[in-house]
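Trainee: The structure follows.
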Amino acid sequence: MRRVQDQLSSAGIHLVLLAWTLLALFPLTLIVINSFKTRKAIFGDPLGLPTGKALTLSGYESVMTNSDFPMFFSNSLIVTSVSLFLILLFGAMAAHAVSEYEFRGNSIISLYLIVGIMVPIRLGTVALLNLIVDLGLANTLTALILVYTAQGLPIAIFIFSEFLRSVSREIKDSARIDGLSEYRIFFEVVIPLVRPVIATVAVFSMIPIWNDLWFPLILSPGEETRTVTLGVQQFIGQYSVKWGSVLAALSVAILPVLIMYVIFSRQLIRGITSGAVKG
Amino acid sequence: MATLELRGVEKFFGTTQVIHDMNLSVADGELVVFVGPSGCGKSTLLRMIAGLETLSSGEIHIDGRRVDYQPPSRRGIAMVFQSYALYPHKDVRGNLGFSLKHDKVEKSEIDRRVNIAADILGLQDLMSRKPRELSGGQRQRVAIGRAIVREPKVFLFDEPLSNLDAALRVHMRVEILKLHQRLQNTMVYVTHDQVEAMTLADRIVVFRAGRVEQTGTPLELYRTPANRFVAGFIGSPAMNFLNITCKHGTVLLAERSVCQSTHPDGEATLGVRPEHLQVDESGPFSGEVSVFEHLGGEAFVHLTLSDGQELVARLDGEHRFKPGDTCTLGIAAEKCHVFNQAGLRVDR
Numbered sequence: 001m002r003r004v005q006d007q008l009s010s011a012g013i014h015l016v017l018l019a020w021t022l023l024a025l026f027p028l029t030l031i032v033i034n035s036f037k038t039r040k041a042i043f044g045d046p047l048g049l050p051t052g053k054a055l056t057l058s059g060y061e062s063v064m065t066n067s068d069f070p071m072f073f074s075n076s077l078i079v080t081s082v083s084l085f086l087i088l089l090f091g092a093m094a095a096h097a098v099s100e101y102e103f104r105g106n107s108i109i110s111l112y113l114i115v116g117i118m119v120p121i122r123l124g125t126v127a128l129l130n131l132i133v134d135l136g137l138a139n140t141l142t143a144l145i146l147v148y149t150a151q152g153l154p155i156a157i158f159i160f161s162e163f164l165r166s167v168s169r170e171i172k173d174s175a176r177i178d179g180l181s182e183y184r185i186f187f188e189v190v191i192p193l194v195r196p197v198i199a200t201v202a203v204f205s206m207i208p209i210w211n212d213l214w215f216p217l218i219l220s221p222g223e224e225t226r227t228v229t230l231g232v233q234q235f236i237g238q239y240s241v242k243w244g245s246v247l248a249a250l251s252v253a254i255l256p257v258l259i260m261y262v263i264f265s266r267q268l269i270r271g272i273t274s275g276a277v278k279g
Numbered sequence: 001m002a003t004l005e006l007r008g009v010e011k012f013f014g015t016t017q018v019i020h021d022m023n024l025s026v027a028d029g030e031l032v033v034f035v036g037p038s039g040c041g042k043s044t045l046l047r048m049i050a051g052l053e054t055l056s057s058g059e060i061h062i063d064g065r066r067v068d069y070q071p072p073s074r075r076g077i078a079m080v081f082q083s084y085a086l087y088p089h090k091d092v093r094g095n096l097g098f099s100l101k102h103d104k105v106e107k108s109e110i111d112r113r114v115n116i117a118a119d120i121l122g123l124q125d126l127m128s129r130k131p132r133e134l135s136g137g138q139r140q141r142v143a144i145g146r147a148i149v150r151e152p153k154v155f156l157f158d159e160p161l162s163n164l165d166a167a168l169r170v171h172m173r174v175e176i177l178k179l180h181q182r183l184q185n186t187m188v189y190v191t192h193d194q195v196e197a198m199t200l201a202d203r204i205v206v207f208r209a210g211r212v213e214q215t216g217t218p219l220e221l222y223r224t225p226a227n228r229f230v231a232g233f234i235g236s237p238a239m240n241f242l243n244i245t246c247k248h249g250t251v252l253l254a255e256r257s258v259c260q261s262t263h264p265d266g267e268a269t270l271g272v273r274p275e276h277l278q279v280d281e282s283g284p285f286s287g288e289v290s291v292f293e294h295l296g297g298e299a300f301v302h303l304t305l306s307d308g309q310e311l312v313a314r315l316d317g318e319h320r321f322k323p324g325d326t327c328t329l330g331i332a333a334e335k336c337h338v339f340n341q342a343g344l345r346v347d348r
C-alpha cells in the first residue's frame, strides 16, 4: 500500500515537472523549428516541422554571410566572458574579505556590497551614460564590461559570502601554519573548496549579460560594438522583418548559454543544494 | 627538539580578558597537556603559541628565540586540528607534502620526509586517496603526518581526538603516545578530556577561566589536588564532595569521625575518590543504596547518606547490592582530601 502511494506521488511529481519542462521548452522549440523554414511556412503553419518545401537554410545563410553577425557574436562573447571573469574574481575576493577577516566596519561594508541587489541598475542609466561619455568610453565594449561587472557583483558577493562563511576556519589556519600567504590561501585553498559555488554564480551572472539589450542599445550602439541581441535588430526593418534570419540568429545565440550550462550543470546542482543538505 | 616558554602572556577579546598573566615553561621533549572545561582559554592559548591569535601582552619563546611577532610558519611549530583540516582537493601524498612544496624544499627531500611520515603512521597504502575516502582515524593520522613532515620544534595538538568515536579515540591516544616516545619531540596537547590528559601527559596544566589552577604530573594532580576544582576535574568517576564540620582537628561527618585535619573548627568540604572507598562495617559513610551499577569487574554503588548527601563508590565486582539496601563504607585516612570554604586544599 505504501509503495503504491509512493509511486503515485512520484508519478505526480514527474507529471508536474514534465508539464513545466514542455512549457519552458515550447518557445525555444518554436524558434529553432521556424528558423529552418521559409517565410511562407513560418506564417502558414507556425507549429509545423521544417519538412519538404518548407525547409530552407536561407535564414542561417544570410546570418552567417550577408551580415556582421559573426562580429556581433564575438562582441557578445568578449563582453560576457570578461565581465564574468571580473565578477567571479572580485566577487569571490570581496566575499572572502568580509567573511574571513574581522575589521572595523565589516558588517557595514558587507551590507554596502550587497545592497546593490535591491537597486535596479537601469535606474541609473542616464547617470551611467553621462559617466561613460565623459570617460570617452561610449561605443566601446569596455563600457559594457564595466557596467555588467558592477551589475553582477552584488548578487555574486552575496552568494559567495554565504558559502565562504561555511569553509572551515581550521583549514585556513592550517594553511597559515603551512606558510601560505593570504592570497595563496584564497586561490589555492578556499577557491578549490567552493568550485560548485563558482559554477552557480557563473551561470546566474552570465545569462542576464548575454541576453541584455538595454545597455548595448544605450552605451554602445555603434556598428563595431553591437552584441548579438542588438545585432539581431538589423533584420527587423521598418517595412519588412526577415523572420527566418531573426530566428536563425536567435538559435545560434542560444548555443553559448547551452554549452556553458552543460559544462557546469553538475556543479551547479551541487552548488544550489549543498547549502540545504548538510554533508 | 626545543623548549617553549610563555612569559606574562595575556589576551583580551574586546574588554573581556580570556588569558590572565600566563607564565609557563615546557622542557625539551616534554609532552604537556592543557586541560580544562570548554571556554577556559586553553585553545586560545594554543592558537597564540601557533601564531593564529595575537598576544595582548607578554612574550613567547621557542628554543630560546622570541617568536610572538613572527608569522606561524616561521615559529617552527606544526599543529593538528580537531577537524583534521585536510585539504579536500588534494590526495594524502599532496596533503603531506603541501607545506614542503610551498617552502620550495627539493622534490627528493619532500619524498623522503613524506615517506618517513607515511611509514610511521601506516599510511603507505592510502597515499593516492582523497580525504573524503578516508575514515576518521585515517584522516587524523594524515593530519598528524602533515605535522611530522614539517619536522617542527614543537607539536601543537588542538583536541585532535574529539571527533573520533570512543574506541578509535583510545586507539589513537596510544598512537600519539607511541609517536611521542619515538620522536621525543616537545608537544603541547589541548583537551577537555581528563582521561586523555592523565594517560598522555608528562605534565598537566589545569585551566579555568583563563588562569592556571594547578600544574604537575598526572599523579601529583591526582594525589594532591591544589583545590576543589582540580580535584573534581582529575579522576574518573569524579571525586565525591561532602559537607563536613571540623572540630579540634577532627573531620566529622554526621558526628562520626572520618580523619584528622589542620582545618580550624567550622564548616569544610571533604573530598573522597570513589575508588578509595571500601565496604567497612565500622566506616563513617553509611546510607541507603539508591542505584547499583554492575560493570563485571567492578561495580558502582550510589548511596544516599543519612543526612541526605549523595556519594558514589567504586567497589570490587564481587559485591552485590539492591536499591534500598543499607551499605556502610570506609576509607583510609590518608586518602581523604579536605578543602576549606574557599575551595583550597588543607593539609592534614
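Note that the protein sequences, when read in sequence, are chains A and B.
Residue numbering for the first sequence follows the working numbering, beginning at 1 and increasing consecutively.
Residue numbering for the second sequence follows the working numbering, beginning at 1 and increasing consecutively.
Beta carbons: idealized from backbone N, C-alpha and C, even for Gly.
Do you know offhand how far B:A201's Cα is from B:V33's?
Mentor: Taking the second sequence and counting its residues from 1, one reaches residue 201 of chain B at position 201. Taking the second sequence and counting its residues from 1, one reaches residue 33 of chain B at position 33. If I take the Cα positions, the gap works out to 6 Å.
Trainee: Name, going along the chain, the residues of the region 242-270 of chain A whose beta-carbon falls closer than 8 Å to a beta-carbon of chain B.
Mentor: Answer set for the region 242-270 of chain A: empty.
Trainee: Measuring CB to CB, does B:L52 end up less than 9 Å from A:D173?
Mentor: To locate residue 52 of chain B, count along the second sequence from 1; it is residue 52. To locate residue 173 of chain A, count along the first sequence from 1; it is residue 173. Contact flag set, yes.
Trainee: So is A:G52 buried or exposed if we call it buried at 16+ other beta carbons inside 10 Å?
Mentor: Taking the first sequence and counting its residues from 1, the one referred to as residue 52 of chain A is at position 52. Its Cβ having fewer than 16 others within 10 Å, A:G52 is exposed.
Trainee: Please identify, using Cβ separations under 8 Å, the residues of the region 144-167 of chain A that lie next to chain B, in order along the chain.
Mentor: So nothing in the stretch comes that close.
Trainee: Using the Cβ count rule (16 or more neighbours within 10 Å means buried), how would you classify B:T262?
Mentor: To locate residue 262 of chain B, count along the second sequence from 1; it is residue 262. By the 10 Å Cβ count, B:T262 comes out exposed.
Trainee: Rounded C-beta distance between B:Q194 and B:I148? I'm assuming under 8 Å.
Mentor: Taking the first residue of the second sequence as position 1, residue 194 of chain B is located at position 194. Taking the first residue of the second sequence as position 1, residue 148 of chain B is located at position 148. The pair is not a contact, with the Cβ atoms about 27 Å apart (cut-off 8 Å).
Trainee: Kindly give me the distance between the Cβ atoms of B:G94 and B:I110, rounded to whole angstroms, as I take these residues to be in contact under 8 Å.
Mentor: Position 94 of the second sequence, counting from 1, holds the residue named residue 94 of chain B. Position 110 of the second sequence, counting from 1, holds the residue named residue 110 of chain B. About 11 Å separates the two Cβ atoms, so there is no contact after all.
Trainee: What residues in the region 177-196 of chain A have a beta carbon less than 9 Å from any beta carbon of chain B?
Mentor: Under the 9 Å Cβ criterion, the region 177-196 of chain A contributes I177, D178, G179, L180, R184, E188, V189, P192, L193, R195.
Trainee: What in chain A is Cβ-close to B:H192, meaning under 9 Å?
Mentor: Against the second sequence, residue 192 of chain B aligns to sequence position 192. The contacting residues do not exist; B:H192 stays about 17 Å from chain A at best.
Trainee: Using 9 Å as the limit for Cβ to Cβ distance, is B:R207 near chain A?
Mentor: For the purposes of this step, residue 207 of chain B is taken as the residue at position 207 of the second sequence. Checking the sequence, you will find Phe at residue 207 of chain B rather than Arg. By this cut-off, B:F207 is not an interface position.
Trainee: Can you tell me the Cα-Cα spacing of A:K278 and B:R132, whole angstroms?
Mentor: The count along the first sequence starts at 1 and reaches residue 278 of chain A at position 278. The count along the second sequence starts at 1 and reaches residue 132 of chain B at position 132. A caution first: A:K278 carries a pLDDT of 36, below 50, which makes its placement in the model unreliable, though a value can still be read off. Each residue's alpha carbon lies about 15 Å from the other.
Trainee: How would you list, in chain order, the residues of chain B whose beta-carbon sits under 7 Å from the beta-carbon of A:E223?
Mentor: Mapped onto the first sequence, residue 223 of chain A falls at position 223. Ordered by position in chain B, no residue passes the 7 Å Cβ test against A:E223, which lies about 46 Å from the chain.
Trainee: Looking at the strands, I want to know which residues DSSP matches up with B:F157.
Mentor: To locate residue 157 of chain B, count along the second sequence from 1; it is residue 157. Answer by DSSP bridge pairing, in chain order: B:V80, B:Y189.
Trainee: Name, going along the chain, the residues of the region 33-64 of chain B whose beta-carbon falls closer than 8 Å to a beta-carbon of chain A.
Mentor: For the region 33-64 of chain B, which is checked against every Cβ of chain A, the residues closer than 8 Å are R47, A50, G51, L52.
Trainee: Please list the partners that B:I77 has in chain A, where partner means a Cβ-to-Cβ separation under 8 Å.
Mentor: By one-based count along the second sequence, residue 77 of chain B stands at place 77. Going along chain A in sequence order, the residues near B:I77 (Cβ under 8 Å) are I177.
Trainee: Quick check: what's the CA-CA separation for B:A381 versus B:R228?
Mentor: Absent from the model: residue 381 of chain B. The displayed extent of chain B is 1 to 348, so no value can be given.
Trainee: For the alpha helix (DSSP H) that contains B:V205, what are its first and last residues?
Mentor: For the purposes of this step, residue 205 of chain B is taken as the residue at position 205 of the second sequence. No alpha helix (DSSP H) holds B:V205; the beta strand (DSSP E) holding it covers 203-208.
Trainee: Roughly how many whole angstroms lie between the Cα atoms of B:L126 and B:V92?
Mentor: Within the second sequence, residue 126 of chain B is the residue found at index 126, counting from 1. Within the second sequence, residue 92 of chain B is the residue found at index 92, counting from 1. When rounded, the distance between both Cα atoms is 7 Å.
Trainee: Got a sec: is the Cβ-Cβ distance from A:S117 to anything in chain B below 9 Å?
Mentor: Numbered from 1 along the first sequence, position 117 holds the residue referred to as residue 117 of chain A. In the sequence as displayed, the identity of residue 117 of chain A is Ile instead of Ser. Chain B, which has no Cβ nearer than 9 Å to the Cβ of A:I117, makes this no.
Trainee: B:L123 and B:Q140 - do their beta-carbons sit closer together than 9 Å?
Mentor: By one-based count along the second sequence, residue 140 of chain B stands at place 140. By one-based count along the second sequence, residue 123 of chain B stands at place 123. Not in contact: B:Q140 and B:L123 (Cβ atoms no closer than 9 Å).
Trainee: Taking only the alpha-carbon atoms, compute the straight-line gap between B:V154 and B:A78 and give it to the nearest angstrom.
Mentor: Position 154 of the second sequence holds residue 154 of chain B. Position 78 of the second sequence holds residue 78 of chain B. Straight-line Cα distance between these residues: approximately 7 Å.
Trainee: Is B:A333 helix, strand or coil when you go by DSSP?
Mentor: Here residue 333 of chain B refers to the residue found at position 333 when the second sequence is read from its first residue. Three-state result, B:A333: helix.
Trainee: Would you call the region 223-232 of chain A in contact with the region 180-187 of chain A, where contact means no fewer than 3 C-beta pairs closer than 8 Å?
Mentor: Counting Cβ pairs under 8 Å, fewer than three are found: no touch.
Trainee: I'd like to confirm the pairing. Which residues does DSSP put opposite B:G122 in its beta bridges?
Mentor: As a working mapping, residue 122 of chain B is identified with position 122 in the second sequence. Answer by DSSP bridge pairing: none, since B:G122 is not bridged.
Trainee: Look at the alpha carbon of B:A167 and the alpha carbon of B:T44, and state the distance between them as a whole number of angstroms.
Mentor: Residue mapping note: residue 167 of chain B aligns to position 167 of the second sequence, counting from 1. Residue mapping note: residue 44 of chain B aligns to position 44 of the second sequence, counting from 1. Answer to the nearest angstrom: the Cα atoms are 28 Å apart.
Trainee: Just to confirm before moving on: does the CB-CB distance between B:A254 and B:V338 stay below 9 Å?
Mentor: Along the second sequence, one-based indexing puts residue 254 of chain B at 254. Along the second sequence, one-based indexing puts residue 338 of chain B at 338. In this structure, B:V338 does not lie closer than 9 Å to B:A254 by Cβ.
Trainee: Under 8 Å: do the region 152-167 of chain A and the region 108-115 of chain A share three or more Cβ pairs, one atom per stretch?
Mentor: At 8 Å Cβ cutoff, the stretches touch.
Trainee: Using only CA atoms, which one of B:D119, B:P71, B:R7, B:G266 lies nearest to B:G64?
Mentor: Position 64 of the second sequence, counting from 1, holds the residue named residue 64 of chain B. Per the Cα distances, B:R7.
Trainee: Are there 16 or more other CB atoms within 10 angstroms of the CB of A:L219, so buried, or fewer, so exposed?
Mentor: Reading the first sequence from its first residue, position 219 is the one you call residue 219 of chain A. That one is buried.
Trainee: In angstroms, rounded to a whole number, what distance separates the CA positions of A:T21 and A:I117?
Mentor: Residue mapping note: residue 21 of chain A aligns to position 21 of the first sequence, counting from 1. Residue mapping note: residue 117 of chain A aligns to position 117 of the first sequence, counting from 1. Approximately 29 Å, taken between the alpha carbons.
Trainee: Look up B:K11 in the DSSP assignment and say whether it is helix, strand or coil.
Mentor: Residue mapping note: residue 11 of chain B aligns to position 11 of the second sequence, counting from 1. DSSP places B:K11 in strand when its eight states are reduced to three.
Trainee: Where B:A2 and B:I62 are concerned, what is the direct C-alpha to C-alpha distance, given to the nearest angstrom?
Mentor: Locating residue 2 of chain B in the second sequence gives position 2, counting from the first residue. Locating residue 62 of chain B in the second sequence gives position 62, counting from the first residue. Near 7 Å, if we compare the C-alpha coordinates of B:I62 and B:A2.
Trainee: Would you say B:R150 lies against chain A (beta-carbon separation less than 9 Å)?
Mentor: Sequence index remark: in the second sequence, residue 150 of chain B carries index 150 (1-based). By this cut-off, B:R150 is an interface position.
Trainee: Determine whether the beta carbon atoms of B:V352 and B:V206 lie at a separation below 9 Å.
Mentor: The question about residue 352 of chain B has no answer, for chain B in this structure spans 1 to 348.
Trainee: When you check each C-beta in the region 15-30 of chain B against every C-beta of chain A, which residues fall closer than 9 Å?
Mentor: Answer in chain order: no residues at all.
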